[in-house]
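Worksheet: one structure, shown below.
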Amino acid sequence: MSGTARNEIASPAFAAPPAATPLAYDVAAIVALSLAVCMFHLGSFGLWEPDEARYAEIAREMLQSGNILVPHLNYVAYVEKPPLLYWLTTLSFWIFGVSEFAARLPVALSAIAGILATYLFALRAFGRRHAMLAAAILATTPLYALMAQVLTTDMTLTALVTIATFALYLHWQEGGRWCWIAYVAMGLAVMTKGPVGAALPILSMLIWLALKRELRGAVAKFRTIPGLLLTTLIAAPWFVMMTMREPGFADFYFIGEHIRRAFETDYSHSEAFYFYLPVLAIGLLPWTLLVPLLTWREAARKPARSFCLVAAGVTVIAFSCASAKLIPYILPAVPPLAVLIADGLVACAWPSAESRAARRPPDSRILVESGPMLALLGIGVIVAAIAAPQFRTPYVMAARPALYAIGAILLAGGVVTTSMFVARRTAAGLGAIVVTLALALIAGGWARLETEPMRSYAALSRAIAEKAPDADIICYHRYVQSLPFYNRKRVVLLGGRTELDFGSHLDPDAREWFMNNDDQMFRRWEQPGPVVIVLDAIDLARMRERFGEFDVIAVEGKKRAIIRRERISRREPITLN
Numbered sequence: 004m005s006g007t008a009r010n011e012i013a014s015p016a017f018a019a020p021p022a023a024t025p026l027a028y029d030v031a032a033i034v035a036l037s038l039a040v041c042m043f044h045l046g047s048f049g050l051w052e053p054d055e056a057r058y059a060e061i062a063r064e065m066l067q068s069g070n071i072l073v074p075h076l077n078y079v080a081y082v083e084k085p086p087l088l089y090w091l092t093t094l095s096f097w098i099f100g101v102s103e104f105a106a107r108l109p110v111a112l113s114a115i116a117g118i119l120a121t122y123l124f125a126l127r128a129f130g131r132r133h134a135m136l137a138a139a140i141l142a143t144t145p146l147y148a149l150m151a152q153v154l155t156t157d158m159t160l161t162a163l164v165t166i167a168t169f170a171l172y173l174h175w176q177e178g179g180r181w182c183w184i185a186y187v188a189m190g191l192a193v194m195t196k197g198p199v200g201a202a203l204p205i206l207s208m209l210i211w212l213a214l215k216r217e218l219r220g221a222v223a224k225f226r227t228i229p230g231l232l233l234t235t236l237i238a239a240p241w242f243v244m245m246t247m248r249e250p251g252f253a254d255f256y257f258i259g260e261h262i263r264r265a266f267e268t269d270y271s272h273s274e275a276f277y278f279y280l281p282v283l284a285i286g287l288l289p290w291t292l293l294v295p296l297l298t299w300r301e302a303a304r305k306p307a308r309s310f311c312l313v314a315a316g317v318t319v320i321a322f323s324c325a326s327a328k329l330i331p332y333i334l335p336a337v338p339p340l341a342v343l344i345a346d347g348l349v350a351c352a353w354p355s356a357e358s359r360a361a362r363r364p365p366d367s368r369i370l371v372e373s374g375p376m377l378a379l380l381g382i383g384v385i386v387a388a389i390a391a392p393q394f395r396t397p398y399v400m401a402a403r404p405a406l407y408a409i410g411a412i413l414l415a416g417g418v419v420t421t422s423m424f425v426a427r428r429t430a431a432g433l434g435a436i437v438v439t440l441a442l443a444l445i446a447g448g449w450a451r452l453e454t455e456p457m458r459s460y461a462a463l464s465r466a467i468a469e470k471a472p473d474a475d476i477i478c479y480h481r482y483v484q485s486l487p488f489y490n491r492k493r494v495v496l497l498g499g500r501t502e503l504d505f506g507s508h509l510d511p512d513a514r515e516w517f518m519n520n521d522d523q524m525f526r527r528w529e530q531p532g533p534v535v536i537v538l539d540a541i542d543l544a545r546m547r548e549r550f551g552e553f554d555v556i557a558v559e560g561k562k563r564a565i566i567r568r569e570r571i572s573r574r575e576p577i578t579l580n
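Heads up, the final residue of the sequence shown is numbered 580 in this note's numbering, and it's a clean run with no missing numbers.
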């Protein structure tokens, strides 16, 4: 071979590409797991009432009107939440079109961002094994995986709070530019759900530094003054513009949505102080079943562990003290808890040189209990499916086929997991748990399809759009959030205005779109032009004679959609399961 040929073969242009690093494989595996859990069936079921349909409609109206400053719901101002999630959803609609998939996509991507942030934090604070396990635990936690497919502000808030909280710790550990990432994330978190987005990361770091007696010099170390100024510059302009533009906004948002919601028990969603403890215990199954069995004293002491304890504790205590409580509010506590559980599992399976357990050979059979627990959990799910007719709630019966599938997956996974740990194949055993839970969560996606009619009026709304596309729509005594989204139009409301109350007082056309009594509805019913009334079956039975002749064009749950008979060409009713 000539020298020229040898030089060409050896040159960089002809050299083999460098092999991917183990971290690249780790990230690829975590992304694949996250996509499977968070994106499966993402657009296959209708928007749930009330939150999903509400937030999707706000974004649709932003896209239609071009007004991205003031959120509108049913074409009146809706200012209960800052607009970041609406902006992201509007962008998703602009790219992918208006659909359920596009509506939920920003939330699913937020969940994946939170998983990757947890991986990066655990990687730098603990090591590769911790990072892989913490990310896998978070992705396969039922509470986190479920909320990754529900259009609310809670998952986006959780992702940003997770990024900010972990970035503050990494700045303490490494310095550099981590604090700027934290301050930007806090500003965006405030734009997602208000001041809580900055309060949680700041409180967590302050309390942890106080416990370590390192508060002195923290202002300079964390560049606090310019950092908080950056957070303020990101978040404050929208609030200032809204205060100047919308009369009563400051009192409604800051006093009503934060102070009253936090301290007045009758304001919204009051629950017991300990409400979130069983929520976390059940929402993190089956990982929480392993916590009492882990030999925590074998784990080497690391400051990141105490930081995660403080971060999770701050979230739990803060939301437990608030009067208003909803299950998704506790989501920001889940990422640090996932790191803590991963730390306990790694300490049992691979004792470090700093721990007492390192004096004896590693024995992963200490985790063998996880296999039988998975199997017993699977048997419990199968028993619940068998006994479904005995449950008061109809959800269990509707989800029965999916429950059988979930139970079978958990049972089989428990057997495989047990065999792996008995054979001292630690990584394979933990991998078997993760794969089992991922498959069970994917199977659970079918349960959401089956229970859609109980949580959504999407089918009812679509039927109205198909049967009476030109009709005016009146909601009787309850605002059905799905109607404007699927019909692409404003609806008339008779009865309590609830969340539309603030905007209705600012609407110059409120008298046309908000009715106060039945007589107004019947006057509109008798006027020329098609009108669809959506009401409960019991109300339809009570007023049947007064309506005269009508057709029922859609039935879903307790709701009926009716139209006067001569106003529709196709008279066959549509019955929705």
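Beta carbons: idealized from backbone N, C-alpha and C, even for Gly. Computed from a prediction, not measured in an experiment: that's the story for all the values here.
| field | Nearest-angstrom Cβ-Cβ length linking C41 and A151, presumed shorter than 8 Å | value | Within the sequence shown, residue 41 is the residue found at index 38, counting from 1. Within the sequence shown, residue 151 is the residue found at index 148, counting from 1. About 4 Å; that satisfies the 8 Å criterion.
| Based on the DSSP output, what are the partners of A557 in its beta bridges? | Looking up residue 557 in the sequence shown gives position 554. In DSSP, A557 forms a bridge with A564.
| task | Using 10 angstroms around the beta-carbon of S37, count the other beta-carbons present and answer buried if the total reaches 16, otherwise exposed. | result | In the sequence shown, the residue the question calls residue 37 occupies position 34. Its Cβ being crowded by 16 or more others within 10 Å, S37 is buried.
| message | Starting from L173, trace the alpha helix (DSSP H) in both directions and tell me its first and last residue. | response | As a first step, residue 173 must be located in the sequence shown, where it is residue number 170. That run of the alpha helix (DSSP H) goes T156 to E177.
| message | Can you give me the C-alpha to C-alpha distance between L293 and I205, rounded to a whole angstrom? | response | Indexing the sequence shown from 1 puts residue 293 at position 290. Indexing the sequence shown from 1 puts residue 205 at position 202. L293 and I205: Cα-Cα distance of roughly 31 Å.
| message | So if DSSP puts L538 in a beta bridge, which residue, or which two residues, is it bridged to? | response | To locate residue 538, count along the sequence shown from 1; it is residue 535. Its beta-bridge partners are R563.
| How many whole angstroms separate the CB atoms of A125 and A134, which I take to be in contact at a CB cut-off of 8 Å? | Position 122 of the sequence shown holds residue 125. Position 131 of the sequence shown holds residue 134. With a Cβ gap of about 4 Å, A125 and A134 count as contacting.
| request: Please state whether DSSP places A336 in a helix, a strand or coil. | output: For the purposes of this step, residue 336 is taken as residue 333 along the sequence shown, with counting starting at 1. Helix at A336.
| A401 vs A446 beta-carbon contact at 7 Å | The sequence position of residue 401 within the sequence shown is 398, counting from 1. The sequence position of residue 446 within the sequence shown is 443, counting from 1. No, the pair does not count as a contact, with Cβ atoms beyond the cut-off.
| Within the stretch 93–143, ranges of the alpha helix (DSSP H) (whole runs, at least 4 residues) | 103–128 and 131–142
| query | Using the C-alpha atoms, what's the distance from L377 back to A314? | reply | Locating residue 314 in the sequence shown gives position 311, where the first residue counts as 1. Locating residue 377 in the sequence shown gives position 374, where the first residue counts as 1. Roughly 29 Å separates the two Cα atoms.
| said: Just to confirm the assignment, what range does the alpha helix (DSSP H) spanning V384 have? | reply: For the purposes of this step, residue 384 is taken as residue 381 along the sequence shown, with counting starting at 1. S373 to I389 is the extent of the alpha helix (DSSP H) around V384.
| Does the beta-carbon distance from G117 to T165 come in below 7 Å? | Position 114 of the sequence shown holds residue 117. Position 162 of the sequence shown holds residue 165. Yes, the pair counts as a contact, with Cβ atoms nearer than the cut-off.
| task | With DSSP as the reference, label P365 as helix, strand or coil. | result | For this step, residue 365 is matched to residue 362 along the sequence shown. Summary for P365: the model assigns pLDDT 44, below 50, so the residue's position carries little reliability, and this model does not support an answer.
| Taking all protein chains shown into account, do 16 or more other C-beta atoms lie within 10 angstroms of the C-beta of A31, making it buried, or fewer, making it exposed? | Start at 1 with the first residue of the sequence shown, and residue 31 comes out as number 28. A31 should be labelled exposed.
| said: According to DSSP, is F424 part of a helix, a strand, or is it coil? | reply: By 1-based counting over the sequence shown, the position of residue 424 is 421. Residue state, collapsed to three classes: helix.
| said: Which runs of the alpha helix (DSSP H) at least 4 residues long sit entirely within the stretch 170–238? Give them in chain order. | reply: 181–196, 199–214 and 221–224
| query | Sorted by chain position, which residues of the same chain lie with C-beta nearer than 7 Å to P364's C-beta, five sequence neighbours on each side aside? | reply | Your numbering for residue 364 matches position 361 in the sequence shown. Residue placement at P364 is poorly supported in this model, since its pLDDT is 43, which falls under 50; the coordinates still yield a value, given next. So the list is empty, once near-sequence residues are dropped.
| With 16 as the cutoff for other CB atoms within 10 Å, does T234 come out buried or exposed? | Here residue 234 corresponds to residue number 231 of the sequence shown, with the count starting at 1. The residue is buried, with at least 16 neighbouring Cβ atoms inside 10 Å.
| Whether L160 touches A192 by CB criterion (7 Å) | On the sequence shown, residue 160 is found 157 positions in, with the first residue counted as 1. On the sequence shown, residue 192 is found 189 positions in, with the first residue counted as 1. Their beta carbons are under 7 Å apart, which means L160 touches A192 by this criterion.
| query | When we look at the beta-carbon of Q484 and count the other beta-carbons within 10 Å, is it buried (16 or more) or exposed? | reply | If you number the sequence shown from 1, residue 484 lands on position 481. Result: buried.
| Identity of the residue in L91, L380 and L232 nearest A185 by Cα | Within the sequence shown, numbered from 1, the residue matching residue 185 stands at position 182. Minimum Cα distance to A185 is reached at L232.
| message | Please report the distance separating the alpha-carbon of R131 from that of P74. | response | Taking the first residue of the sequence shown as 1, we reach residue 131 at position 128. Taking the first residue of the sequence shown as 1, we reach residue 74 at position 71. Near 43 Å, if we compare the C-alpha coordinates of P74 and R131.
| field | 8 Å contact criterion, which A111 and V437 should meet: CB distance rounded | value | The count along the sequence shown starts at 1 and reaches residue 111 at position 108. The count along the sequence shown starts at 1 and reaches residue 437 at position 434. Not confirmed; about 19 Å, so no contact.
| field | Strand pairing of Y479, partner residues [DSSP] | value | The residue you call residue 479 lines up with position 476 of the sequence shown. According to DSSP, which records beta bridges pairwise, Y479 is partnered with L497.
| query | Exposed or buried, which one is I258 when buried takes at least 16 other CB atoms within 10 Å? | reply | Translated into the one-based positions of the sequence shown, residue 258 becomes position 255. By the neighbour-count rule (16 or more Cβ atoms within 10 Å), I258 is not buried but exposed.
| Contact check, S207 vs T168, beta carbons under 7 Å | Counting from one through the sequence shown, the residue named residue 207 turns up at place 204. Counting from one through the sequence shown, the residue named residue 168 turns up at place 165. Yes, Cβ-Cβ distance for S207 and T168 is below 7 Å.
| query | Hey, F96 and A62: beta-carbon distance below 7 Å or not? | reply | Residue mapping note: residue 96 aligns to position 93 of the sequence shown, counting from 1. Residue mapping note: residue 62 aligns to position 59 of the sequence shown, counting from 1. Against a cut-off of 7 Å, the Cβ pair of A62 and F96 comes out as a contact.
| message | Please report the straight-line C-alpha distance between Y460 and E52, rounded to a whole angstrom. | response | Locating residue 460 in the sequence shown gives position 457, counting from the first residue. Locating residue 52 in the sequence shown gives position 49, counting from the first residue. Distance between the alpha carbons of Y460 and E52 is about 7 Å.
| said: When you compare the CB positions of G46 and E103, do they come within less than 7 Å of one another, or not? | reply: Counted from its first residue, the sequence shown places residue 46 at position 43. Counted from its first residue, the sequence shown places residue 103 at position 100. Yes, the pair counts as a contact, with Cβ atoms nearer than the cut-off.
| message | For the alpha helix (DSSP H) containing H508, name the first residue and the last one. | response | Residue 508 sits at position 505 when you count from the first residue of the sequence shown. Run containing H508: D504 to L509, per the alpha helix (DSSP H) assignment.
| task | Let me know if G416 comes out buried or exposed under the rule of 16 or more other beta-carbons within 10 Å of its beta-carbon. | result | For the purposes of this step, residue 416 is taken as residue 413 along the sequence shown, with counting starting at 1. Label assigned to G416: buried.
| Chain-order list of residues whose beta-carbon lies under 8 Å from that of L442 (same chain, five-residue window excluded) | Counting from one through the sequence shown, the residue named residue 442 turns up at place 439. These residues qualify, in order along the chain: I412 and G416.
| At which residues does the alpha helix (DSSP H) containing Q152 begin and terminate? | Your numbering for residue 152 matches position 149 in the sequence shown. Run containing Q152: none; DSSP gives neither H nor E here.
| field | Inter-residue CB distance, L146 and L287 (contact presumed, cutoff 8 Å) | value | Position 143 of the sequence shown, counting from 1, holds the residue named residue 146. Position 284 of the sequence shown, counting from 1, holds the residue named residue 287. At roughly 7 Å, the Cβ-Cβ gap stays under 8 Å, so L146 and L287 are in contact.
| said: Please tell me whether T246 and F255 are closer than 7 Å, where the distance is taken between their beta carbons. | reply: Along the sequence shown, one-based indexing puts residue 246 at 243. Along the sequence shown, one-based indexing puts residue 255 at 252. Contact flag unset, no.
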